[in-house]
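Participant:
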Amino acid sequence: MKAYDSHYIHGHWVKAQSSQTFSVYDSTTEEVIATVPQGSAAEAEQAVLAARAAFDAWSQTPLETRCALIDKVVEGLKARAEEMAQAIACEVGMPIKLARMVQVGGPIFNWGNAAKQARRFEWEEKVGNSLVVREPVGVVGCITPWNFPLNQITLKVAPALAAGCTVVLKPSEVAPINAMILAEIIHDAGFPPGVFNLVNGAGPVVGEVLSGHPEVDMVSFTGSTRAGKRVGELASQSIKRVALELGGKSASVILPDADLASAVKGSVSACMLNSGQTCSAHTRMLVPADRLEEAKQLAAAAVAKLTLGPSLDENTRLGPLVSAAQRDRVLHFIELGLKEGAELVAGGPERPNMDQGYFVQPTVLVVQPEHTLAREEIFGPVLVIIAYQDEADAIRIANDTIYGLGGGVWSQDEAHAVRVARRIRTGQVDINGAPFNSNAPFGGYKQSGHGRENGKYGLEEFLEYKALQFKPADKTA
99 MKAYDSHYIH GHWVKAQSSQ TFSVYDSTTE EVIATVPQGS AAEAEQAVLA
149 ARAAFDAWSQ TPLETRCALI DKVVEGLKAR AEEMAQAIAC EVGMPIKLAR
199 MVQVGGPIFN WGNAAKQARR FEWEEKVGNS LVVREPVGVV GCITPWNFPL
249 NQITLKVAPA LAAGCTVVLK PSEVAPINAM ILAEIIHDAG FPPGVFNLVN
299 GAGPVVGEVL SGHPEVDMVS FTGSTRAGKR VGELASQSIK RVALELGGKS
349 ASVILPDADL ASAVKGSVSA CMLNSGQTCS AHTRMLVPAD RLEEAKQLAA
399 AAVAKLTLGP SLDENTRLGP LVSAAQRDRV LHFIELGLKE GAELVAGGPE
449 RPNMDQGYFV QPTVLVVQPE HTLAREEIFG PVLVIIAYQD EADAIRIAND
499 TIYGLGGGVW SQDEAHAVRV ARRIRTGQVD INGAPFNSNA PFGGYKQSGH
549 GRENGKYGLE EFLEYKALQF KPADKTA
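Residues are numbered in our numbering as their position in the sequence shown, beginning at 1, plus a constant of 98.
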């Protein structure tokens, strides 16, 4: 077991003031694999003041110098990629093959892409008698979740540093090992003291300091909509900028002319990635009413291929959930759905035949649009099927949610799919199972939040506009 006892503040590992710790569990074995300190409000403030003290110099550091340091982080991540993948597979439960590609490969690309985007960015432009320049927003508090822990850290910290901001990170206490490894890599890269800081801690303690502190210019939060509302409330007191990436209940709309077999298979995959622990997971599959029975059979067959197993097993298709609490929450939702009259197609609330681990069977149910499982974010391997009568009904159901993060449309007529996609109020729509694009903006409508991550759009979140006005030349002279 690894016992971490320090936070990273002002370029140094600073021993925690309290002996209280968070335990980090292996999601497959249920054993404690690490502990991290429970940071205090005072330690969070210390980190904020360190970031504030470092901001002036860092914001004036030449762009190429900043990007060169980010390049060193990329090399550090590559050197420790397998260590990082195994840590996240154990923390979160994603199978190791996927963890290497998604949980580590994605962040390696995104760190490099932050430097790439900054190097090609148009930092200033002439507009009439004005020079419009882009400048870093300031000190940024980053509060990140456990489901894609390293990547959500990366999509905040890397572009913020490239923009010239300084950062205080509060990673998830459920999956913090990856963040500690990253802090070691950042330290070894040679960033100036105070540019990057990390304080482990609970949201109501460290997170509240970052959200409300007057010396924090922006807070970037990924997590639940409930917690996001609290972040926004605290941030409003100092009118700081807020970026929120929150919950989702995304719909995969299968149109009547779609290849049903491909669409159902793709919808199941888009729901079950990371055992459904994905905010943009396509957890509602909308199918024509006259093809419901066929869709049920196809979904059951697709789910049957998702073999459960230990996260470090190279053959595992679906791993455990992140924690006992998350497992129990998901099982509660499944049981509630059955009580409300859902039809069980596959899986169910019975525990899988596993000796240990936070496992839940991949589950498919047919529900009505008004049922709880059609409206609440479950964050587990649970797909609900909803039958619709016609295209207008499908669009109505897809939009009948407080969320608007992701979604999909399936049709053999791509132009038709695009017309429907344009009517769905959500930040991203995949046409016929198209792959994720790390340069396209990612973020939501409605209570899925505001602000965007990825590519140049993620960089722009951390920049302010400034207009410098010049007196026009006297044409009569």
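C-beta atoms are modelled at their ideal positions from N, C-alpha and C, and glycine is treated no differently.
Within the continuous beta strand (DSSP E) that includes asparagine 295, where are the two ends?
Facilitator: Within the sequence shown, the letter at position 197 stands for residue 295. Segment 294-296, the beta strand (DSSP E) holding asparagine 295.
Participant: Looking at C-alpha atoms only, which residue of Val458, Arg449, Met99 and His380 is the closest neighbour of valine 130?
Facilitator: The sequence position of residue 130 within the sequence shown is 32, counting from 1. Looking at the Cα atoms, Met99 is the closest of the given residues.
Participant: Based on the DSSP secondary-structure assignment, which residues constitute the bridge partners of valine 230?
Facilitator: Working through the sequence shown from its first residue, we reach residue 230 at position 132. DSSP lists Glu223 and Ala565 as partners of valine 230.
Participant: Can you tell me whether glutamate 559 is helix, strand or coil according to DSSP?
Facilitator: As a first step, residue 559 must be located in the sequence shown, where it is residue number 461. Glutamate 559: coil per DSSP, three-state reduction.
Participant: Look up valine 265 in the DSSP assignment and give the residues it is bridged to.
Facilitator: The residue you call residue 265 lines up with position 167 of the sequence shown. Note: valine 265 sits in a beta bridge opposite Val238 and Phe294.
Participant: For alanine 349, collect the residues of the same chain with a Cβ closer than 6 Å to its Cβ; drop the 5 residues on either side in sequence, then sort them by chain order.
Facilitator: Taking the first residue of the sequence shown as position 1, residue 349 is located at position 251. So the qualifying residues of the chain are Arg382, Leu384, Ala496 and Gly505.
Participant: Which whole runs of the alpha helix (DSSP H) in the stretch 307-351 are 4 residues long or more, in chain order?
Facilitator: The qualifying runs are 323-334.
Participant: Suppose the cutoff is 6 Å on Cβ atoms and the five residues either side in sequence are ignored; what does the same chain contact list for glutamate 271 look like?
Facilitator: Numbered from its first residue, the sequence shown carries residue 271 at position 173. Correct list, in chain order: Phe120.
Participant: Return the first residue and the last residue of the alpha helix (DSSP H) that valine 465 is part of.
Facilitator: Position 367 of the sequence shown, counting from 1, holds the residue named residue 465. Looking at the DSSP string, valine 465 is not in any alpha helix (DSSP H), and its letter there is neither H nor E.
Participant: Between which residues of its own chain and lysine 394 is the CB-CB distance below 7 Å, once the five residues before and five after are set aside?
Facilitator: Here residue 394 refers to the residue found at position 296 of the sequence shown. Hits under 7 Å: Val443, Val464 and Ile483.
Participant: Please name the residue in Glu128, Asp103, Ile206 and Ala261 whose C-alpha comes closest to that of threonine 159.
Facilitator: The residue labelled residue 159 in the question sits at position 61 within the sequence shown. Selected option, being the one with the closest Cα: Ala261.
Participant: Quick check: the Cα distance between alanine 300 and alanine 140, rounded to an integer number of angstroms?
Facilitator: Stepping through the sequence shown from its first residue, residue 300 is reached at position 202. Stepping through the sequence shown from its first residue, residue 140 is reached at position 42. One C-alpha to the other measures close to 13 Å.
Participant: Per DSSP, what kind of secondary structure is glycine 301 in: helix, strand or coil?
Facilitator: Here residue 301 is taken as the residue at index 203 of the sequence shown, counted from 1. In this structure, glycine 301 counts as helix in the three-state DSSP scheme.
Participant: Would you kindly check if the distance between the Cβ of asparagine 298 and the Cβ of valine 134 is under 7 Å?
Facilitator: For the purposes of this step, residue 134 is taken as residue 36 along the sequence shown, with counting starting at 1. For the purposes of this step, residue 298 is taken as residue 200 along the sequence shown, with counting starting at 1. In contact: valine 134 and asparagine 298 (Cβ atoms closer than 7 Å).
Participant: Candidates Asn245, Ser157 and His514: which alpha carbon is nearest proline 354's?
Facilitator: In the sequence shown, counting from the first residue as 1, residue 354 sits at position 256. Answer by Cα proximity: His514.
Participant: Buried or exposed for methionine 182, going by 16 or more other Cβ atoms inside 10 Å?
Facilitator: For this step, residue 182 is matched to residue 84 along the sequence shown. Counting Cβ neighbours within 10 Å, methionine 182 comes out buried, since at least 16 surround it.
Participant: Any idea what DSSP makes of arginine 550, helix, strand or coil?
Facilitator: On the sequence shown, residue 550 is found 452 positions in, with the first residue counted as 1. Correct three-state label for arginine 550: coil.
Participant: On a CA-only basis, which of Ile529, Pro450 and His548 is nearest aspartate 357? Give me that one, please.
Facilitator: In the sequence shown, counting from the first residue as 1, residue 357 sits at position 259. Checked all of Ile529, Pro450 and His548; the closest Cα to aspartate 357 is Ile529.
Participant: If you follow the alpha helix (DSSP H) that histidine 105 is part of, which residue opens it and which one closes it?
Facilitator: Position 7 of the sequence shown, counted from the first residue, corresponds to residue 105. Element bounds for histidine 105: not the alpha helix (DSSP H) but the beta strand (DSSP E), 104-107.
Participant: Taking the runs of the beta strand (DSSP E) that are 3 residues or longer, which of them lie wholly in the stretch 476-561?
Facilitator: With a minimum length of 3 residues, the continuous beta strand (DSSP E) runs that stay inside the stretch 476-561 are 480-486 and 505-508.
Participant: Given that a residue counts as buried once 16 or more other Cβ atoms are within 10 Å of its Cβ, and exposed if not, what is valine 265?
Facilitator: If you number the sequence shown from 1, residue 265 lands on position 167. With 16 or more other Cβ atoms within 10 Å, it is buried.
Participant: List the residues that DSSP assigns as beta-bridge partners of proline 135.
Facilitator: Numbered from its first residue, the sequence shown carries residue 135 at position 37. DSSP output for proline 135 lists Thr119 as bridge partner(s).
Participant: So the candidates are Glu448, Val238 and Ala152; which of them puts its Cα closest to the Cα of valine 314?
Facilitator: In the sequence shown, counting from the first residue as 1, residue 314 sits at position 216. Of the listed residues, the one whose Cα sits closest to valine 314 is Val238.
Participant: Suppose you measure from the CA of glutamine 375 to the CA of glycine 478; what does that come to, to the nearest Å?
Facilitator: By 1-based counting over the sequence shown, the position of residue 375 is 277. By 1-based counting over the sequence shown, the position of residue 478 is 380. Between glutamine 375 and glycine 478, the C-alpha separation is close to 5 Å.
Participant: Could you give the distance in angstroms between the alpha-carbon of alanine 256 and the alpha-carbon of leucine 167?
Facilitator: What you label residue 256 is simply residue 158 of the sequence shown in a count that begins at 1. What you label residue 167 is simply residue 69 of the sequence shown in a count that begins at 1. Their backbone Cα atoms lie some 10 Å apart in a straight line.
Participant: Are at least three pairs of beta-carbons, each pair with one atom in the stretch 205-217 and one in the stretch 137-153, less than 8 Å apart?
Facilitator: Not touching, per the Cβ criterion.
Participant: Can you find the residues in the same chain that come closer than 6 Å, C-beta to C-beta, to valine 293, ignoring five residues on each side of it along the sequence?
Facilitator: For the purposes of this step, residue 293 is taken as residue 195 along the sequence shown, with counting starting at 1. Correct list, in chain order: Ala152, Trp156 and Thr264.
Participant: By a C-beta neighbour count over all protein chains shown, 10 Å radius and 16 as the cutoff for buried, is methionine 452 buried or exposed?
Facilitator: Translated into positions along the sequence shown, residue 452 becomes position 354. Burial call: exposed.
Participant: I think valine 420 touches alanine 273, with their Cβ atoms under 8 Å apart; what is that distance to the nearest whole Å?
Facilitator: Within the sequence shown, numbered from 1, the residue matching residue 420 stands at position 322. Within the sequence shown, numbered from 1, the residue matching residue 273 stands at position 175. Indeed, because the Cβ distance is near 7 Å, the residues count as touching under 8 Å.
Participant: Checking the sheet assignment: what are the DSSP bridge partners for lysine 586?
Facilitator: In this structure the chain extends from 99 to 575, so residue 586 is not present and cannot be described.
Participant: For the putative contact between leucine 377 and leucine 557, defined by C-beta atoms under 8 Å, what is the C-beta separation to the nearest angstrom?
Facilitator: Numbered from 1 along the sequence shown, position 279 holds the residue referred to as residue 377. Numbered from 1 along the sequence shown, position 459 holds the residue referred to as residue 557. Looking at the sequence itself, residue 377 is cysteine, so the reference to leucine does not match. Contact doesn't hold; Cβ gap of about 21 Å is too wide.
Participant: Once DSSP output is grouped into helix, strand and coil, what is the label at methionine 99?
Facilitator: As a working note, residue 99 is residue 1 in the sequence shown. Methionine 99 falls in the coil class under three-state DSSP.
Participant: Could you work out which residue in Lys564, Phe568 and Leu481 is closest to glutamate 222 when comparing CA atoms only?
Facilitator: Taking the sequence shown and counting its residues from 1, one reaches residue 222 at position 124. Comparing Cα positions, the closest option is Lys564.
Participant: Looking at the unbroken alpha helix (DSSP H) that takes in proline 85, where does it start and where does it end?
Facilitator: This structure cannot speak to residue 85, because the chain is shown only from 99 to 575.
Participant: From Ala281, His108, Arg178 and Ala485, pick the residue whose C-alpha is nearest to that of aspartate 388; which is it?
Facilitator: Counting from 1 along the sequence shown, the entry for residue 388 is found at position 290. The candidate whose alpha carbon is nearest that of aspartate 388 is Ala485.
Participant: Please give the ranges of any alpha helix (DSSP H) in the stretch 354-435, keeping only runs that are unbroken, at least 4 residues long and fully inside the region.
Facilitator: Qualifying alpha helix (DSSP H) stretches, in chain order: 358-370 and 390-402.
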